[in-house]
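A.B. asks: I'd like to ask you about the structure that follows.
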């Protein structure tokens with residue numbers, strides 16, 4: 005006959021050691037947060053921060069209503085913005101497709117040299133934002149939409165390249181084997197075995213990137229790379245808040261429309 | 004009598020079956036291309052003058068100069084990193100209740116619509132535009148950047164978290180409800196265990212994105228390494244700019260690999 009002692013162990017999800025470690029981890033996180041906060045706000049002028057609600061109310065009262073008559077001077081920059089996004093995407097695709105075939109482990113001609121190089125190019129172009137590319141290119145090529153197109157293209161390489169090489173690596177091997185068994189050459193294997201399989205995702209990726217590029221090209225003008233952002237920059241510099249409101253509304257509208265188009269197209273393809 | 008079979012085979016079109024539509028699309032694309040390329044104005048003398056600068060930039064990239072401006076660079080880097088961490092933490096803390104509120108299966112309709120509209124606003128506005136406004140309101144420096152990144156994090160994590168909660172296995176929620184659990188207990192015992200690994204993964208991913216963005220919003224005055232980059236470019240100090248870009252690429256690559264590794268480990 006067993007007697008239930010008073011010290012029946014209470015069930016717990018974790019062992020005491022694990023609990024201690026978990027608490028130590030959380031404590032470390034909080035300490036890191038406090039330290040980071042202190043570092044970050046070292047040079048913050050709190051007077052400006054406390055003043056923000058009044059400043060916001062002030063800007064808000066000046067920004068409405070938007071100056072609709074300014075619209076007639078926005079059509080040309082808007083057209084530029086769309087061109088920057090579209091041509092940039094096309095250029096990016098042209099550079100990204102060969103890169104993706106070099107980077108995919110099942111199509112790369114040399115696993116030792118070309119694949120790492122291609123992967124590095126993909127990661128490097130992806131980690132630099134298009135605005136930084138634009139900043140560089142404007143200082144090299146001068147202001148204008150060419151710098152914007154190149155900035156968008158360079159940023160797109162990494163994105164399209166990464167998604168496309170993953171799609172290529174996921175292709176069904178049996179189709180490729182069937183084509184190989186007919187005695188097809190390397191080029192024929194690509195066109196008949198791999199390309200038909202990745203084509204839908206290729207179109208999907210391109211349209212998706214185009215949609216993102218519309219967003220990004222709208223602000224490239226802030227650093228001088230053409231498009232509607234240039235108008236935004238000059239309106240901001242002149243403190244013409246009603247114009248700023250209008251431009252932001254136009255940008256929002258363009259983004260919504262492009263998102264709708266891209267969603268429709270991707271829905272139709274996939 | 005035998006029918007004449009074609010002796011050659013052409014690959015059928017994959018995407019668009021109708022021939023007329025294909026031709027129309029091709030012609031439309033061609034017209035657009037001609038019109039669009041026509042709008043590019045290139046000032047070739049400027050480009051030729053700029054090529055020399057381009058060469059200097061490439062040279063600066065190959066021989067980065069970390070030392071001359073090291074104070075600016077390290078200050079900017081520190082600001083960027085602290086800004087990234089604090090904004091991710093605060094952003095995730097705010098986005099958790101909003102994400103829960105934006106999940107149709109756990110929130111009442113009016114809360115759902117409020118939370119969804121917060122998320123939509125945060126996602127529709129680009130970081131740069133938000134940064135411009137926050138800089139105008141809160142003054143130059145890292146604090147405006149912190150607010151910008153927090154605001155952007157709310158939309159990102161909120162949306163993905165809400166979708167995740169909507170996708171949970173309802174059987175667990177049903178079981179917890181059957182015990183007579185309150186709403187908070189439901190969230191704690193049925194929802195949280197299912198979405199926690201993914202929430203941690205998303206937060207790490209957002210940490211990564213926030214660092215990249217922190218490099219950009221500095222250009223409009225919101226502090227961080229972007230400000231240092233902008234300064235060095237406007238001084239035409241390409242070797243310092245090259246050093247900053249290399250640091251950004253290195254940190255992004257490192258965080259990408261480590262967050263991928265951590266996410267595997269969390270799962």
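Residue numbers (our numbering), protein chains in the order written: chain A, 5 to 274; chain B, 4 to 270. Just so it is clear, CB atoms sit at the ideal spot from N, CA and C, and this is done for glycine as well.
(1) Skipping 5 residues on each side, what residues in its chain have a beta carbon closer than 8 Å to that of residue 218/A?
(2) How about residue 110/A and residue 173/A: do their beta carbons lie closer than 8 Å?
(3) Using a threshold of 8 Å, state whether the C-beta atoms of residue 48/A and residue 88/B are closer than that.
(4) Against chain B, with Cβ distances strictly below 8 Å, would residue 41/A count as a contact?
(5) With a floor of 4 residues, list each alpha helix (DSSP H) that falls wholly inside the segment 102-171 of chain B, ordered by position along the chain.
(6) Do you know whose CA, among 134/B, 177/B and 96/B, lies nearest residue 216/B's CA?
(7) Span of the alpha helix (DSSP H) holding residue 258/A?
(8) Out of 144/A, 68/A and 119/A, which has the shortest C-alpha to C-alpha gap to residue 237/B?
(9) Go ahead and pull the three-state DSSP assignment for residue 281/B.
(10) With a threshold of 8 Å between beta-carbons, can residue 234/A be considered close to chain B, or not?
(11) Using the Cβ count rule (16 or more neighbours within 10 Å means buried), how would you classify residue 254/B?
(12) Quick one: Cα of residue 226/B to Cα of residue 79/B, how far?
(13) At a Cβ threshold of 8 Å, is residue 79/B touching chain A?
(14) Nearest to residue 33/A by alpha carbon, out of 30/B, 70/B and 92/B?
(15) Using a 10 Å radius around the Cβ and a threshold of 16 neighbouring Cβ atoms, would you call residue 147/A buried or exposed?
(16) Tell whether a beta-carbon distance below 8 Å holds between residue 230/A and residue 223/A.
(17) Would you mind listing the alpha helix (DSSP H) stretches within the segment 42-110 of chain B that are 4+ residues and don't spill past its ends, in chain order?
(18) Provide the residue span of the alpha helix (DSSP H) that contains residue 235/A, from first to last.
(19) Give the single residue among 91/A, 53/A and 18/A whose Cα lies nearest to the Cα of residue 41/B.
(20) Just verifying my parser: in three-state terms, what is the DSSP assignment at residue 176/A?
(21) Around the Cβ of residue 23/A, are there at least 16 other Cβ atoms within 10 angstroms (buried) or fewer (exposed)?
(22) Exposed or buried, what is residue 181/A when buried is set at 16 or more other beta-carbons lying within 10 Å of its beta-carbon?
(23) Considering Cα atoms alone, identify which of 189/B, 55/B and 76/B is closest to residue 179/B.
(24) Checking contacts by CB at 8 Å: is residue 211/A closer than that to chain B?
(25) Along chain A, in chain order, which residues have C-beta atoms closer than 8 Å to that of residue 233/B?
(26) Using a Cβ cut-off of 8 Å (strictly closer), state whether residue 108/B contacts chain A.
(27) By the criterion of Cβ-Cβ separation under 8 Å, what are the contact partners of residue 3/B in chain A?
(28) Using beta-carbon positions only, say whether residue 228/B and residue 247/B come within less than 8 Å of one another.
(29) Using the C-alpha atoms, what's the distance from residue 210/B back to residue 211/A?
(30) Is there a Cβ from chain B that is less than 8 Å from the Cβ of residue 47/A?
(31) Which residues in the same chain as residue 195/A place their Cβ atom closer than 8 Å to its Cβ, once the five residues preceding and following it in sequence are excluded?
(32) Terminal residues of the continuous alpha helix (DSSP H) containing residue 207/B?
(33) Got a sec? Which residues, its chain only, sit under 7 Å from residue 63/B by beta carbon, not counting five neighbours each side?
(34) Applying the criterion that 16 or more other CB atoms from any shown protein chain within 10 Å of the CB defines a buried residue, is residue 218/B buried or exposed?
(35) Quick one: residues in its chain with C-beta nearer than 6 Å to the C-beta of residue 144/B, no 5 flanking neighbours on either side, listed in chain order?
(36) Considering only residues of the same chain and omitting the five flanking positions on each side of residue 190/A, which have a CB-CB separation below 8 Å?
C.D. replies: Well, looking at it:
(1) 85, 86, 89, 258, 259 and 262
(2) yes
(3) No.
(4) At least one C-beta of chain B is nearer than 8 Å to the C-beta of residue 41/A.
(5) 112-127, 130-141 and 145-169
(6) 134/B
(7) 245-273
(8) 144/A
(9) Because chain B spans 4 through 270 in this model, residue 281/B falls outside it and cannot be assessed.
(10) So no, residue 234/A is outside the interface.
(11) buried
(12) 7 Å
(13) For residue 79/B, the answer is no, since every Cβ of chain A falls outside 8 Å of its Cβ.
(14) 92/B
(15) buried
(16) no
(17) For the segment 42-110 of chain B, whole alpha helix (DSSP H) runs of length 4 or above, ordered along the chain, are 47-65 and 73-104.
(18) 232-241
(19) 91/A
(20) Correct three-state label for residue 176/A: coil.
(21) exposed
(22) Exposed, because fewer than 16 other Cβ atoms sit within 10 Å of the Cβ of residue 181/A.
(23) 189/B
(24) Nearest CB-CB separation between residue 211/A and chain B: not below the 8 Å threshold.
(25) 139
(26) no
(27) Because chain B is modelled from 4 through 270, residue 3/B falls outside the range shown and cannot be assessed.
(28) Yes, they are a contact pair.
(29) 27 Å
(30) Judged by the 8 Å Cβ criterion, residue 47/A is in contact with chain B.
(31) none
(32) Start and end: 195-220.
(33) 241, 242, 244 and 245
(34) Label assigned to residue 218/B: buried.
(35) 226
(36) none
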